[in-house]
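Colleague: Protein sequence lines, in the order shown, are assigned to chains A and B.
Take the first sequence: its letter number 51 is residue 51 in the numbering used here, and every next letter is one higher.
The numbering used here runs 1000 ahead of the 1-based position in the second sequence.
Here a beta-carbon is modelled for each residue, glycine too, at the ideal position from N, C-alpha and C.
Note that the coordinates shown come from a computational prediction; the quantities given were computed from them, not determined experimentally.
Pasting a structure here, questions to come.
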Amino acid sequence: MLRLEPRAAPSQAMTVASPLIALALTALVAVVIFAGLGTDPLAGLQVIFIEPLSTRRQISEVLLKATPLIVIALGLAVCYRANVWNIGAEGQFLLGCLGGGAVALWLTTQGIVLPKAVGVPLVLLGGMLGGMLWAALVALLRDRFNANEILVSLMLVYVAQQVANALVFGPWKDPQGFNMPQSALFHSSLLLPPLLERTRLHVGFLLALVLAVVATLFLFRSFRGFQLQVGGLAPAAARYAGFSARASLWTALLVSGGLAGLAGAMEVAGPIRQVTPYLSTGLGFTAIIVCFVGRLHPLGIVGAGVLLSLMLIGGELAQSRLGLPNAMASVLQGLLLLILLACDTFIHQRLRLTRSRARPA
Amino acid sequence: MNETALLINTALASGTTLALAALGLLINERAGVLNLGAEGMMLVAAVAGFATALLTGSDTLGFVAAAAAGAALAAVFGLLVIFLNTNQYATGLALSLFGYGFSAFVGVSMVGKSLSPRQQYAMPVLSDLPFVGPAFFSHHAMVYVAMALTAAVAWFFYRTRAGLLLRAIGENPEPAHALGYPVRLIRLAAVCAGGALCGLAGAYVSLVTAPLWVEGLTAGRGWIALALTVFATWRPARALLGAYLFGGVTVLQLSLQAEGVQISSHLLTMLPYVATIVVLAVISRNAAFIRLNMPASLGRPFRPGS
């Protein structure tokens, strides 16, 4: 019979192969779903995975959506490596939208026009602070009150949404906006400069790539990064070495909150250009999948961010071209993560064919 | 209707979802398995129950289908975490994300459909009693089912041999394994039972509370139920009480809005979530107390013979 047994060392090959196998299996399930819905499976796959890469404009849209995914997932990788389960990146992202929005709206309504090199960083800083504030709440409750960070961070997503609503339906509502629940448009000096002519892609994508390198250096070349990872892998060893678990907790949450907030600010100062009630589109949750598909490694996350963004854009295309429900993309995403976790089993274990059943001692 | 009676009535009615889900999660966790997929299971079950009730016109069949859907998803989760030893946090989270997407996908055609008109829920004679009638005897049958199930689970945990075994496995699976009990199968059964109860909870929202289907219908109730198991220190009766308390918070929010209290409706909407955080912080504050009550092997995989 077949049985799973632990490997002596984690399989490097499987670590890399697992996301690819999971992707292939997810595509296979997609084929089944397409067939079940009476859509030509090949056409469906083509629309979701190939079509978004067919034109310059489509590619720029994929990279545009990948930007916040990558930035959020980089922070989550730091968290998960430290064994801090922040699953409320969506809330920190929203607070980032609000923090960046607060700065941008204040400057806009005061009529202060700053050079781009000053205004844009201020907006991004506002976003980071917003995200860090939301994550700091999680850290504080974990640190001082021992409250489970999974539940607290998730609950704060719902709270963040209501905070955003209260602002957009209240004080931030555009006086000239025909009573629509949205803020005024930000002044153009506060918007991220475009990266490609005639597309919405902005310099935030370059920033995401730079941050991936910084995160790599932080995780694998800095002492603090090392302390974080030891704390995550072997808390007892970290304690014995004198590494502070509290410092790790705060660092992990502030870094991931700050990055999620930055991603939020880049969205409002990028393609959206104002604060609306519809900022929460689940990017913070998709980023969790990005993080795992990218093997919790910054460079893997860049690739995974582009892949998941591709699936999101492909899902939208499948809706408009093939009339499939928009939720197709989130079904495939969820499946991808489930299948990936199943495949990951074989990193630390292997299947062994045994002739006779070993009797438990 | 007397106002206090109304408050009790709505607290019981809206607390029932949380009570059912928390009870299911309690069974999981007492066996040592933490399922963060509650929200996903509830959503899929809610849509399954709604579709079935729409198709057959029978709420009962709706609840049965929902329980089956919840158990089926839980079985997938169980196979992954119990037999493949995947990370319980990540797998549960994946189940929640998948459930959200899948329920939205399946439910697209059901948005805007309405079920057959709901009848008044009233027990004969008893519901005519002053005060206690409207407070306790004018409910959907599931409200009483939730109470009965809580009593049944408490009896199972503390008065049966099988319940003792389940709790023992949750504390430490090794001795049970050494005695020859199939630890992993028992855990799988607990996970499936928990999924079925989460399924009932989901269907209660789509068939009784709402009653309709929209994307993300359960609005975080699965996560609140997870927090409730901590609040209840893993005891069935306390979970039921906690669920009614939270049901009461939801009601308070609605009646404040009705009273015309000058608070932003957005602030009131966040009340249940803020309450969850506060309660979680207060109850978890004493780490030793939590450690004493938490099933000791919660979240840890069990590998026989290693």
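#1: Considering only the beta carbon of each residue, do residue 257 of chain A and residue 136 of chain A sit closer than 8 angstroms?
#2: Does the beta carbon of residue 158 of chain A sit closer than 8 angstroms to a beta carbon anywhere in chain B?
#3: Using a C-beta to C-beta distance shorter than 9 angstroms, which residues of chain A count as neighbours of residue 1277 of chain B?
#4: Roughly how many angstroms lie between the CA atoms of residue 1070 of chain B and residue 1192 of chain B, to the nearest whole one?
#5: In its own chain, which residues sit with a C-beta less than 7 angstroms from the C-beta of residue 361 of chain A, not counting the 5 before and 5 after it?
#6: Report the residue ranges of all alpha helix (DSSP H) runs contained in full by the stretch 228-262 of chain A; include only those spanning at least 4 residues, in chain order.
#7: Whole angstroms are fine: how far does the CA of residue 1102 of chain B sit from the CA of residue 1302 of chain B?
#8: For residue 336 of chain A and residue 293 of chain A, what's the separation of their Cα atoms in angstroms?
#9: How about residue 333 of chain A and residue 281 of chain A: are their beta carbons less than 8 angstroms apart?
#10: Thinking just about the alpha-carbon of each residue, which of A/101, A/111, A/148 is nearest to the one in residue 125 of chain A?
#11: Given a cut-off of 8 angstroms on the beta-carbon distance, is the pair residue 1288 of chain B and residue 1236 of chain B in contact?
#12: Closer than 8 angstroms is the cut-off here; do at least three beta carbon pairs connect the stretch 49-64 of chain A with the stretch 114-122 of chain A?
#13: Could you tell me which chain B residues have their CB closer than 9 angstroms to the CB of residue 292 of chain A, listed as they occur along the chain?
#14: For residue 1059 of chain B, does the count of other Cβ atoms within 10 angstroms reach 16, so buried, or fall short, so exposed?
#15: Under 8 angstroms, with one C-beta from each stretch per pair, do the stretch 1044-1063 of chain B and the stretch 258-271 of chain A reach the 3-pair mark?
#16: Answer yes or no: does any C-beta atom of chain A fall closer than 8 angstroms to that of residue 1269 of chain B?
#17: Given residue 37 of chain A, which residues of its chain have a CB within under 8 angstroms of its CB, disregarding the five upstream and five downstream residues?
#18: Where residue 1093 of chain B and residue 1122 of chain B are concerned, what is the direct C-alpha to C-alpha distance, given to the nearest angstrom?
#19: Give the residues of chain A in contact with residue 1245 of chain B, contact being defined as C-beta atoms less than 7 angstroms apart.
#20: Give, in chain order, every unbroken run of the alpha helix (DSSP H) that is at least 4 residues long and sits entirely within the stretch 1037-1109 of chain B.
#21: Using 8 angstroms as the limit for Cβ to Cβ distance, is residue 11 of chain A near chain B?
#22: Do the CB positions of residue 189 of chain A and residue 114 of chain A come within less than 8 angstroms of each other?
#23: Could you give the DSSP three-state label for residue 3 of chain A: helix, strand or coil?
#24: So is residue 162 of chain A buried or exposed if we call it buried at 16+ other beta carbons inside 10 Å?
#25: Since residue 330 of chain A meets chain B, which of its residues come closer than 9 angstroms, beta carbon to beta carbon?
#26: My parser needs the alpha helix (DSSP H) runs of 4 or more residues fully inside the stretch 1178-1248 of chain B; what are they?
#27: Since residue 353 of chain A is in the beta strand (DSSP E), which residue starts that stretch and which ends it?
#28: Does any C-beta atom of chain B lie closer than 8 angstroms to the C-beta of residue 174 of chain A?
#29: Any idea if residue 138 of chain A is buried or exposed, counting beta-carbon neighbours within 10 angstroms, 16 or more meaning buried?
#30: With a threshold of 8 angstroms on Cβ separation, who are the neighbours of residue 59 of chain A within its own chain once the five nearest residues in sequence on each side are excluded?
#31: Using DSSP with H/G/I as helix, E/B as strand and the rest coil, what is residue 1350 of chain B?
#32: Just the C-alpha distance for residue 313 of chain A and residue 46 of chain A, rounded to the nearest angstrom, thanks.
#33: If residue 1066 of chain B and residue 1045 of chain B are in contact, beta carbons under 8 angstroms, what's the gap, nearest whole angstrom?
#34: Rounding to the nearest angstrom, what Cα-Cα distance links residue 268 of chain A and residue 61 of chain A in this structure?
#35: Residues of chain B with a CB under 7 angstroms from the CB of residue 85 of chain A: which are they?
#36: If you follow the alpha helix (DSSP H) that residue 56 of chain A is in, where does it begin and where does it stop?
Modeller: Looking at the atomic coordinates:
#1: yes
#2: Yes, residue 158 of chain A lies at the interface with chain B (some Cβ there is under 8 angstroms from its Cβ).
#3: 137, 141, 147, 151, 152, 155, 156, 159
#4: Roughly 8 angstroms separates the two Cα atoms.
#5: Low confidence applies to residue 361 of chain A: its pLDDT is 49, below 50, so where it sits in the model is not reliable, and the reading given next is rough at best. Within the same chain, residue 361 of chain A has no close Cβ partners at all.
#6: Listed in chain order, they are 235-240.
#7: 30 angstroms
#8: 8 angstroms
#9: no
#10: A/101
#11: no
#12: no
#13: 1090, 1094
#14: buried
#15: Under the Cβ criterion (8 angstroms, minimum of three pairs), the stretch 1044-1063 of chain B does not count as touching the stretch 258-271 of chain A.
#16: yes
#17: 324
#18: Near 39 angstroms, if we compare the C-alpha coordinates of residue 1122 of chain B and residue 1093 of chain B.
#19: Going along chain A, no residue has its Cβ under 7 angstroms from residue 1245 of chain B, so there is no contact; the nearest lies around 16 angstroms.
#20: 1038-1056, 1059-1078, 1088-1107
#21: no
#22: yes
#23: Of the three classes helix, strand and coil, the one that applies to residue 3 of chain A here is strand, per DSSP.
#24: Flag for residue 162 of chain A reads buried.
#25: 1097, 1098, 1100, 1101, 1102, 1104, 1105
#26: 1183-1204, 1221-1231
#27: 349-353
#28: no
#29: buried
#30: 52, 53
#31: Any property of residue 1350 of chain B remains undetermined from this structure, which presents chain B solely from 1001 to 1306.
#32: 12 angstroms
#33: Between residue 1066 of chain B and residue 1045 of chain B, the beta carbon gap of about 4 angstroms places them in contact (Cβ cut-off 8 angstroms).
#34: 16 angstroms
#35: 1089
#36: 56-81
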